[in-house]
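So the sequences go chain by chain: A and B.
Position one of the first sequence corresponds to residue 1 (the UniProt record's numbering), numbered consecutively onward.
Position one of the second sequence corresponds to residue 1 (the UniProt record's numbering), numbered consecutively onward.
There are 2 protein chains.
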Amino acid sequence: MNDRDARAAWSALAEPTDPVARALITEFGPARALQLALQPSVHQLHDAIRHAAESPSADEIAVDAADRSALRAPSLEIAERAHLRWCDRAGSVRLEDLIDDADRAGIGFLTPEDDSWPGAVEDLGVNAPYGLWMRGSASPADLLTARPTVAIVGARAATAYGAQVAGDLALGAAERGITVVSGGAYGIDAAAHRGALSAGQSLTCAVLAGGLDRFYPRGNEDLLRAVERHALILSEAPMFTAPTRWRFLARNRIIAALSAATVVVEAALRSGALSTANRADDLSRPVAAVPGPVTSPASAGCHRLARENGAVLITDADELAELVTSSPASDGTGVVDELDLLSAADRRVLDAVPPRSVISCRAAARDCGLGVDAVQAALQRIAMLGLVELTGSGVRRRL
Amino acid sequence: MNDRDARAAWSALAEPTDPVARALITEFGPARALQLALQPSVHQLHDAIRHAAESPSADEIAVDAADRSALRAPSLEIAERAHLRWCDRAGSVRLEDLIDDADRAGIGFLTPEDDSWPGAVEDLGVNAPYGLWMRGSASPADLLTARPTVAIVGARAATAYGAQVAGDLALGAAERGITVVSGGAYGIDAAAHRGALSAGQSLTCAVLAGGLDRFYPRGNEDLLRAVERHALILSEAPMFTAPTRWRFLARNRIIAALSAATVVVEAALRSGALSTANRADDLSRPVAAVPGPVTSPASAGCHRLARENGAVLITDADELAELVTSSPASDGTGVVDELDLLSAADRRVLDAVPPRSVISCRAAARDCGLGVDAVQAALQRIAMLGLVELTGSGVRRRL
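As structure tokens, then:
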């Protein structure tokens with residue numbers, strides 16, 4: 001079996017972040033790892049796991065204490081349990097036909113070897129998906145690599161306010177050529193996909209938790225069919241995989257990784273949407289939150305993100321676009337000049353400096369509504385870029 | 001005339017931040033400065049201004065370029081203009097009777113020499129008020145010095161949402177023994193005073209822009225009478241001073257200076273309430289903003305404060321109290337233990353660690369909804385305080 005088929009097989013055999021599978025694949029590659037995993041003798045598997053556990057990447061794979069002890073001193077019991085769970089599944093799927101069967105159902109399979117593989121997921125390191133199953137008419141390369149991307153996510157139990165804001169932000173993002181990634185769920189996700197589609201440019205990608213043989217949740221089937229018809233649907237799960245709660249959480253890391261930035265529109269304090277924000281944070285990608293009424297529990301998670309996790313507040317599509325293009329994960333397509341290097345505050349200070357006359361620092365502060373100290377600091381930065389000149393009595397433009 | 005009478009006179013003669021008056025008072029003290037100011041010969045005043053301009057505090061007084069050039073090379077013209085505006089006003093007021101006249105109208109006068117002078121305004125430096133006129137039944141020392149204070153301010157054109165939140169926050173603040181300072185205006189200010197009074201402990205202070213012979217705005221007269229009856233009203237303006245736009249803006253520096261922290265509940269992008277936030281920022285006092293719907297222009301200024309000026313988001317009275325007690329300007333009354341030293345995020349991580357068992361870092365992260373990296377960093381900090389102990393497999397409580 002080649003690596004491509006082996007990746008498809010692994011997507012069926014192992015949970016998305018199965019640490020033992022990860023260790024084997026990292027050490028031996030997908031095809032050889034699969035051979036080792038499915039051999040009748042568990043002793044050879046045990047040896048292979050022990051070997052993988054000694055590799056430098058093992059610690060990276062073992063994200064929590066339980067994983068670590070499993071990989072540090074891999075017991076025969078651990079090998080047996082892994083062997084059992086993989087062979088159990090292997091018995092119920094024709095591994096070698098997975099790709100062909102999917103193809104007949106209109107489902108493609110992408111692997112890191114494909115040109116159109118969205119390289120951004122590789123930032124997940126050892127937790128990158130084995131491969132990605134896909135349906136749709138848009139090219140993953142065009143949607144996810146050639147353009148800036150943003151995740152717009154949030155609570156299933158969205159309010160009318162949240163749904164409206166998510167739709168407006170997604171429409172504005174798509175109108176600016178930004179692909180909107182979300183999870184295809186009820187509430188904020190659905191509003192985001194709908195808003196993006198409404199821009200008429202098909203710039204949206206739904207990442208589902210279960211197999212793509214059916215569209216879940218049922219109530220979003222029409223919407224997801226529209227996403228398929230015009231844009232793109234992805235999942236790391238092969239056909240016939242049920243979207244369990246664990247798969248939903250694991251799926252969120254893919255949404256975060258595909259996106260230059262993640263915007264949470266509404267989330268209660270324990271909403272799953274916060275896990276997408278946490279995954280984006282793990283990847284050092286910017287996280288933003290949309291504020292809402294403090295009297296609305298659906299916005300409490302957003303406010304906490306801003307208060308305690310340093311999430312940026314986003315109130316319109318311009319601010320969203322600014323966040324996405326400022327992301328280190330953004331392609332930086334488009335012309336970059338000095339103005340693009342300015343923070344929003346510095347830009348505002350610059351705008352307060354008239355084109356031809358000299359303005360005092362205090363007057364500039366009054367005009368842009370910032371403190372004098374902040375304006376002075378901003379003017380120093382802007383002056384360093386050669387955009388303004390500081391004189392004895394104030395500041396004048398140089399551009 | 002003694003310093004106390006001279007301060008009352010200055011409050012009538014000079015605008016709150018008249019740089020020439022400030023320079024004279026700083027150099028010669030209020031009484032001697034007043035003598036110099038009102039002498040018939042402008043030449044002696046010119047000499048005095050020149051002398052004051054050479055003192056080290058002159059640069060501090062001259063906050064903008066125009067002031068600075070006036071004080072750097074004080075011309076005879078500048079002395080003449082100052083002389084003219086002060087003498088002009090002196091002609092229409094009986095300076096020596098200001099305090100007695102006010103007293104007959106039930107208005108007191110506070111100066112830095114009084115025990116009950118709210119020392120916090122001295123942080124304004126040369127721009128501290130000459131003195132403060134007051135009406136009310138509460139002691140300024142009790143309300144403004146013995147207790148923590150918070151400014152709750154915002155737009156006159158408040159929405160029902162903003163008024164509700166301002167009232168709830170003010171009630172919650174007063175219930176926690178925090179004095180609520182505001183500007184007595186329509187909208188957010190009125191809701192804040194009303195909310196604070198509703199706690200039944202009279203912990204509110206209205207700082208007005210005009211003279212205290214009448215209550216402005218007229219529509220708030222009943223509310224301001226209630227504030228007078230139970231609490232405190234202050235103004236730097238003597239009786240019969242009209243509340244001009246400039247006086248409103250100057251007044252905001254006093255609200256900011258009297259308060260350990262400033263909370264803006266609703267403010268449009270160009271709302272005057274933002275100037276109070278800027279003055280608090282100038283004083284290095286914490287500024288907070290209440291989020292609201294992004295679809296509401298009345299919240300746009302709050303969101304900008306959070307996005308661009310680093311204002312903290314406040315969603316309830318607990319968060320407000322946390323902000324106030326964390327302020328460097330706060331008295332720090334109450335017992336401080338290690339728990340009080342923790343940030344909200346660290347506190348949440350600590351809460352996720354069970355009392356008796358060991359929990360993995362990943363499980364703690366899941367429980368408190370933060371990223372693993374953030375939780376690990378928090379645990380290091382908490383461990384340094386001796387509150388938890390890090391073990392090979394996770395973390396356990398030590399308290």
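Backbone N, C-alpha and C fix where the C-beta goes; we use that ideal spot for every residue, glycine too.
Bridge partners of B:M1, per DSSP?
On the second sequence, position 1 is the one that residue 1 of chain B refers to. DSSP output for B:M1 lists no bridge partner at all.
Below 8 Å on the Cβ atoms is my guess for A:V126 versus A:R4; work out the distance and round it to an integer in Å.
Within the first sequence, residue 126 of chain A is the residue found at index 126, counting from 1. Within the first sequence, residue 4 of chain A is the residue found at index 4, counting from 1. Going by Cβ atoms, the distance from A:V126 to A:R4 rounds to 19 Å, so no, they are not a contact pair.
With DSSP run on the structure shown, which of helix, strand or coil describes B:I188?
Position 188 of the second sequence holds residue 188 of chain B. Helix at B:I188.
Shorter than 8 Å from the beta carbon of A:D367 to some beta carbon of chain B?
Position 367 of the first sequence holds residue 367 of chain A. Not an interface residue.
Near B:A383, which residues of its chain fall below 7 Å by C-beta distance, leaving aside the five closest residues on each side in sequence?
For the purposes of this step, residue 383 of chain B is identified with residue 383 of the second sequence, where counting begins at 1. So the list reads E389, L390, once near-sequence residues are dropped.
What residues from chain A crowd round B:L370, counting only those whose CB sits closer than 8 Å?
Taking the second sequence and counting its residues from 1, one reaches residue 370 of chain B at position 370. The answer, in chain order, is N278, E308, N309.
On the criterion of 16 or more Cβ atoms from any shown chain inside 10 Å, does A:P238 qualify as buried, or is it exposed?
Within the first sequence, residue 238 of chain A is the residue found at index 238, counting from 1. It counts as buried.
Using the beta-carbon of each residue, which ones in chain B are nearer than 8 Å to A:R285?
On the first sequence, residue 285 of chain A is found 285 positions in, with the first residue counted as 1. The premise fails here: A:R285 is roughly 12 Å from chain B at the closest Cβ pair, so nothing lies under 8 Å.
Determine the burial state of A:N46: buried for a count of at least 16 other Cβ atoms within 10 Å of its Cβ, exposed for fewer.
Reading the first sequence from its first residue, position 46 is the one you call residue 46 of chain A. Checking the displayed sequence, the identity of residue 46 of chain A turns out to be His instead of Asn. Under this definition A:H46 is a buried residue.
Of the residues that make up the stretch 119 to 132 of chain A, which ones have a beta carbon closer than 9 Å to any beta carbon in chain B?
Listed in sequence order: no entries.
Candidates A:V375, A:R347, A:V180: which alpha carbon is nearest A:A257's?
Position 257 of the first sequence, counting from 1, holds the residue named residue 257 of chain A. The shortest C-alpha separation from A:A257 is found at A:V180.
In angstroms with no decimal places, state the Cα-to-Cα distance between B:D337 and B:L212.
The residue given as residue 337 of chain B occupies position 337 in the second sequence. The residue given as residue 212 of chain B occupies position 212 in the second sequence. Residue confidence for B:D337 is low, a pLDDT of 46 falling below 50, so the modelled location carries little weight; the figure read from the coordinates is stated next. When rounded, the distance between both Cα atoms is 43 Å.
Using a Cβ-based criterion (distance less than 7 Å to any ligand heavy atom), does A:I49 qualify as near the ligand ATP?
Looking for the ligand ATP in the displayed structure turns up nothing, as the structure carries no ligands at all.
Taking the alpha helix (DSSP H) that A:R50 belongs to, which residues open and close that run?
Here residue 50 of chain A corresponds to residue number 50 of the first sequence, with the count starting at 1. Start and end: 42 to 53.
Which residues in chain B have a C-beta closer than 8 Å to the C-beta of A:R270? List them in chain order.
Numbered from its first residue, the first sequence carries residue 270 of chain A at position 270. Ordered by position in chain B, the residues that pass the 8 Å Cβ test against A:R270 are G369.
Would you mind giving the Cβ-Cβ distance between B:E236 and B:I254, rounded to the nearest angstrom? I have them listed as a contact below 8 Å.
Your numbering for residue 236 of chain B matches position 236 in the second sequence. Your numbering for residue 254 of chain B matches position 254 in the second sequence. That pair is a contact at about 6 Å.
Quick check for students: name the residue ranges of the beta strand (DSSP E) that lie wholly in the stretch 90 to 178 of chain A, counting only runs of 3 or more.
If we require 3 residues or more, the beta strand (DSSP E) runs fully inside the stretch 90 to 178 of chain A come out as 108 to 110, 132 to 136, 149 to 153.
Taking the alpha-carbon positions, what's the A:A9 to A:A199 distance?
Position 9 of the first sequence holds residue 9 of chain A. Position 199 of the first sequence holds residue 199 of chain A. If you take the alpha carbons of A:A9 and A:A199, they lie about 38 Å apart.
Looking at the strands, I want to know which residues DSSP matches up with B:C205.
Counting from one through the second sequence, the residue named residue 205 of chain B turns up at place 205. In DSSP, B:C205 forms a bridge with B:V181, B:L232.
For B:V165, go through chain A and note every residue whose CB falls closer than 9 Å to its CB, in chain order.
What you label residue 165 of chain B is simply residue 165 of the second sequence in a count that begins at 1. Simply P293, V294, T295.
Just to make sure I have the definition right: I need the residues of chain B whose C-beta is within less than 7 Å of the C-beta of A:V312. Which are they?
Translated into the one-based positions of the first sequence, residue 312 of chain A becomes position 312. Correct list: R307.
Across the stretch 138 to 151 of chain B and the stretch 111 to 124 of chain B, are there enough close Cβ pairs to call them in contact, namely three or more that are closer than 8 Å?
The stretch 138 to 151 of chain B is in contact with the stretch 111 to 124 of chain B.
In three-state terms, what does DSSP make of A:R285?
As a working mapping, residue 285 of chain A is identified with position 285 in the first sequence. A:R285 falls in the coil class under three-state DSSP.
In the DSSP assignment, find the unbroken beta strand (DSSP E) run with B:E322 in it and report its ends.
If you number the second sequence from 1, residue 322 of chain B lands on position 322. Unbroken run through B:E322 is the alpha helix (DSSP H), 317 to 326; no beta strand (DSSP E).
What alpha helix (DSSP H) runs, 4 residues minimum, are completely inside the stretch 212 to 267 of chain B?
Taking only runs of at least 4 residues, the alpha helix (DSSP H) segments lying wholly in the stretch 212 to 267 of chain B are 221 to 230, 245 to 258.
Buried or exposed: which applies to A:T244, given that a residue is buried once 16 or more other Cβ atoms fall within 10 Å of its Cβ?
The residue given as residue 244 of chain A occupies position 244 in the first sequence. By the neighbour-count rule (16 or more Cβ atoms within 10 Å), A:T244 is not buried but exposed.
What in chain A is Cβ-close to B:A345, meaning under 7 Å?
Reading the second sequence from its first residue, position 345 is the one you call residue 345 of chain B. Result: E308.
Flag this pair as yes or no: are the beta carbons of B:A277 and B:V294 separated by less than 8 Å?
In the second sequence, counting from the first residue as 1, residue 277 of chain B sits at position 277. In the second sequence, counting from the first residue as 1, residue 294 of chain B sits at position 294. It is not a contact, given that the beta carbons lie outside the stated cut-off.
Anyone know if the C-beta pair for A:G195 and B:R270 falls short of 8 Å?
Stepping through the first sequence from its first residue, residue 195 of chain A is reached at position 195. Stepping through the second sequence from its first residue, residue 270 of chain B is reached at position 270. No.
Among the residues of its own chain, which have a CB less than 7 Å from the CB of A:C361, if the five just before and after it don't count?
Within the first sequence, the letter at position 361 stands for residue 361 of chain A. So the list reads V372, V375, Q376, L379, G394, V395, once near-sequence residues are dropped.
So does the stretch 290 to 310 of chain A actually touch the stretch 212 to 221 of chain A, counting three or more Cβ pairs closer than 8 Å?
Touching, no, given that fewer than three Cβ pairs across the two stretches are closer than 8 Å.
Judging by CA-CA distance, which residue of B:S182, B:V290, B:R307, B:L171 is the nearest neighbour of B:A260?
Position 260 of the second sequence holds residue 260 of chain B. When each option's Cα is compared against that of B:A260, the closest is B:S182.
Would the stretch 306 to 315 of chain A count as touching the stretch 347 to 358 of chain A if we require 3 or more Cβ pairs under 8 Å?
With the cut-off at 8 Å, the stretch 306 to 315 of chain A and the stretch 347 to 358 of chain A do not touch.
Given a threshold of 16 other Cβ atoms within 10 Å of its Cβ, counted over all protein chains shown, does A:E319 qualify as buried or as exposed?
As a working mapping, residue 319 of chain A is identified with position 319 in the first sequence. Buried.
Leaving out the 5 sequence neighbours to the left and right, which residues in its chain are closer than 8 Å to B:A345 when beta-carbon positions are compared?
Here the question's residue 345 of chain B lines up with position 345 in the second sequence. So the list reads L370, A374, A378, once near-sequence residues are dropped.
Using only the alpha-carbon positions, how far apart do B:R348 and A:L132 sit?
On the second sequence, residue 348 of chain B is found 348 positions in, with the first residue counted as 1. On the first sequence, residue 132 of chain A is found 132 positions in, with the first residue counted as 1. Roughly 36 Å separates the two Cα atoms.
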